[in-house]
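Asks:
There are 2 protein chains.
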Amino acid sequence: MVERARQPIGRPRDSRVDEAITRAVRELLAEVGYTGLTMDAVAARAGVGKAAIYRRYATKQEMVFAAAIHGETLEVPPDSGSLLGDLTALARVIVGHLSNPAASGTLLSLLGEITTDPALAERFTRTFVEPERAGNAELLERAVRRGELERMPDVDLFHAVFGGAVLSWLFISRHDPHDLPERLARFACAALRSAEPHPPTAERRT
Amino acid sequence: MVERARQPIGRPRDSRVDEAITRAVRELLAEVGYTGLTMDAVAARAGVGKAAIYRRYATKQEMVFAAAIHGETLEVPPDSGSLLGDLTALARVIVGHLSNPAASGTLLSLLGEITTDPALAERFTRTFVEPERAGNAELLERAVRRGELERMPDVDLFHAVFGGAVLSWLFISRHDPHDLPERLARFACAALRSAEPHPPTAERRT
DNA sequence: ATAGTTCCGGAACTTTTCGTATCGGAAAGG
DNA sequence: CCTTTCCGATACGAAAAGTTCCGGAACTAT
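Chains H and B, in that order, are what the protein sequence lines are.
By the count of the working numbering, the first sequence reaches residue 225 at its end, each step adding exactly one.
By the count of the working numbering, the second sequence reaches residue 225 at its end, each step adding exactly one.
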């Protein structure tokens, strides 16, 4: 009853095959999109057999998801000394990631699939959404500690506004992103600074 | 040589077939999503032959696009008397439209396709994005005329922020939208009101 | 009325793609 | 040496997109 044989026996998997598959998926996603991507094309470009792919991923959906999130953690930008500077840097990080054609095409196609697949939605939330929300919260906490903000803002709302604005700017309006970070950061900064419960009529003042 | 026969001859198209196809597409999009939608399923549910579909739309993409935007013009909410009220109403309209499972699934899947199809992207912009941006501009102009805003804000940025925030809230964060309109309107209103080029140091004053 | 045109639902057909299975061979452990 | 698992290659069945034909119906022009 002692579970001992933890190391697998048999020929081990070739890590170069993993890398070739991931690279092929990303290239093809950028070129032909999610619906245009075929398993045979992935196998051909990666120079592997289809069996090698299905040994790793059960479905095309799973393969694409894995390739899309492979090491794609948005890092929190370093403390710039001001909320406006931090927000500008954050916007630049998001724009940078979403400007990658492979990542953007994958993200949008995945969003379409998510509406009908609760399990995929759950994984997406844990892998993508939660870490980014936590990063945003950290950035806002710095501003509170700095004294730029009196209290902690509505993190959920800020997260939706900031990420959603970049998403909409790039993929719905399809504008040039070159000066978006400055404009968006100024907009968000203004909103956060004047986040008083009741604006002009100061009914309660300690 | 006189071009006279402008009215088509032969059996006219049955408008009930158009309606049945559109309804079937929307129902199926909500149930199985874009990639899960098949032409055979549309034909079966609509109770029509596939030939009737292909007589109207050349491709699946075109059919879905047509069904998605069928009379889906976001109307500008009536003047509520204040910018905050107008923004809350606008957010409610957007949330209402995007909460429809058929419309939301369609929109997201379409976004994924758009990344690899410039022609589709162009049509999407003209049909969806431009009218909504114009509606936002009208709403902001009311606030300027009312005196709530000193000058016209950055409409492109506002449009991306407002729509993008709802999009992200619903489909990326996947939160409950019931109190989003109020929170988002307050956030955006605060940003718009304090949109001064240089905040405290009033260097130029006429 | 009748001929010509276009529509209708239904069904057969071709091509493409997903996912599985099978093959000979290679790389690891027992 | 033997078992297991991997490898690339290929073949296969099921499903689905898109095309095409059918017999019949509806509408226009003559």
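Glycine included, C-beta positions come from ideal geometry on N, C-alpha and C.
Just so you know, these numbers come straight off a predicted model, no measurement behind them.
1. Going by beta-carbon coordinates alone, are B/THR54 and H/THR54 separated by less than 8 Å?
2. Around the C-beta of H/GLY183, are 16 or more other C-beta atoms found within 10 angstroms, so that it is buried, or is it exposed?
3. Need the endpoints of the alpha helix (DSSP H) that H/ASN119 sits in, please.
4. Is it the case that the stretch 48 to 63 of chain H contacts the stretch 111 to 125 of chain H, given that we only count it when at least three CB pairs across the two stretches are under 8 Å?
5. Check whether chain B comes within 8 Å of H/LEU109, counting only Cβ atoms and requiring the distance to be less than that.
6. Tell me whether H/ARG30 sits in a helix, a strand or coil according to DSSP, three-state version.
7. How many whole angstroms separate the CB atoms of H/LEU159 and H/PHE147, which I take to be in contact at a CB cut-off of 8 Å?
8. Would you identify the three-state DSSP class for H/ALA63, choosing helix, strand or coil?
9. Mind checking B/SER128: buried by the 16 CB within 10 Å criterion, or exposed?
10. Taking the alpha carbon of H/LEU130 as the reference point, which residue from B/PHE190, B/VAL83, B/TYR73 has its own alpha carbon closest?
11. Whose Cβ in chain H lies nearer than 7 Å to the Cβ of B/TYR53?
12. Within 10 Å of its beta-carbon, does H/MET171 have 16 or more other beta-carbons around it, so buried, or fewer, so exposed?
13. Measure the alpha-carbon distance for H/ALA210 versus H/THR41 and round it to whole angstroms.
14. Would you tell me roughly how many angstroms separate the C-alpha atoms of H/LEU168 and B/ARG161, rounded to the nearest one?
15. Within 10 Å of its beta-carbon, does B/ARG205 have 16 or more other beta-carbons around it, so buried, or fewer, so exposed?
16. Which runs of the alpha helix (DSSP H) spanning at least 4 residues fall entirely within the stretch 121 to 156 of chain H, listed in chain order?
17. So the candidates are B/GLY115, B/LYS69, B/ARG32; which of them puts its Cα closest to the Cα of B/PRO196?
18. For the alpha helix (DSSP H) containing B/ARG212, list its first residue and its last residue.
19. With H, G and I counted as helix, E and B as strand and the rest as coil, what does DSSP make of H/LEU93?
20. Return helix, strand or coil for H/ASP105, following the three-state DSSP convention.
21. Can you name the residues of chain H whose CB is closer than 7 Å to the CB of B/PHE206?
22. Let me see if you follow: with CB-CB separation under 8 Å, is H/LEU117 close to chain B or not?
23. Which residues in the same chain as H/ILE112 place their Cβ atom closer than 8 Å to its Cβ, once the five residues preceding and following it in sequence are excluded?
24. What is the C-beta distance between H/ALA108 and H/SER118, in whole angstroms, given that I count them as a contact (C-beta under 8 Å)?
25. Please check the pair B/ALA43 and B/ALA65, which I expect to be a contact at CB under 8 Å, by giving their CB distance rounded to whole angstroms.
26. Could you tell me whether any Cβ in chain B is nearer than 8 Å to the Cβ of H/GLY183?
27. So, at 7 Å on beta carbons, what are the nonlocal neighbours of H/MET82 in its own chain, with the 5 sequence-adjacent residues on each side left out?
28. In chain order, what residues of the same chain have a beta carbon less than 8 Å from the beta carbon of H/ARG193, not counting five sequence neighbours either side?
29. Between which residues of its own chain and B/ALA85 is the CB-CB distance below 7 Å, once the five residues before and five after are set aside?
30. Is H/LEU47 helix, strand or coil when you go by DSSP?
31. Under 7 Å Cβ to Cβ from H/VAL63, same chain only, skipping five residues before and after it: list those, please.
32. So is B/PHE190 in contact with chain H if we call contact Cβ pairs under 8 Å?
33. Along the chain, where does the alpha helix (DSSP H) that runs through B/MET171 open and close?
Replies: Looking at the coordinates:
1. yes
2. buried
3. Unbroken run through H/ASN119: none, as it is neither H nor E.
4. yes
5. no
6. coil
7. 19 Å between Cβ atoms; not a contact.
8. helix
9. With a threshold of 16 other beta carbon atoms within 10 Å, B/SER128 meets it and is buried.
10. B/PHE190
11. GLY131
12. exposed
13. Between H/ALA210 and H/THR41, the C-alpha separation is close to 41 Å.
14. 31 Å
15. buried
16. 137 to 143
17. B/GLY115
18. 199 to 212
19. coil
20. In this structure, H/ASP105 counts as helix in the three-state DSSP scheme.
21. LEU176, VAL180, ALA210
22. no
23. The identity of residue 112 of chain H in the sequence shown is Val, whereas the question assumes Ile. Closer than 8 Å at Cβ, skipping near neighbours: LEU93, GLU94, PRO96.
24. Rounded, the Cβ-Cβ distance is 16 Å, inconsistent with contact.
25. 4 Å
26. yes
27. VAL44, ILE72, TYR76
28. none
29. TYR76
30. helix
31. First, the amino acid is wrong: residue 63 of chain H is Ala here, not Val. Result list for H/ALA63: empty, nothing under 7 Å.
32. yes
33. That residue, B/MET171, is in no alpha helix (DSSP H); it is neither H nor E in DSSP.
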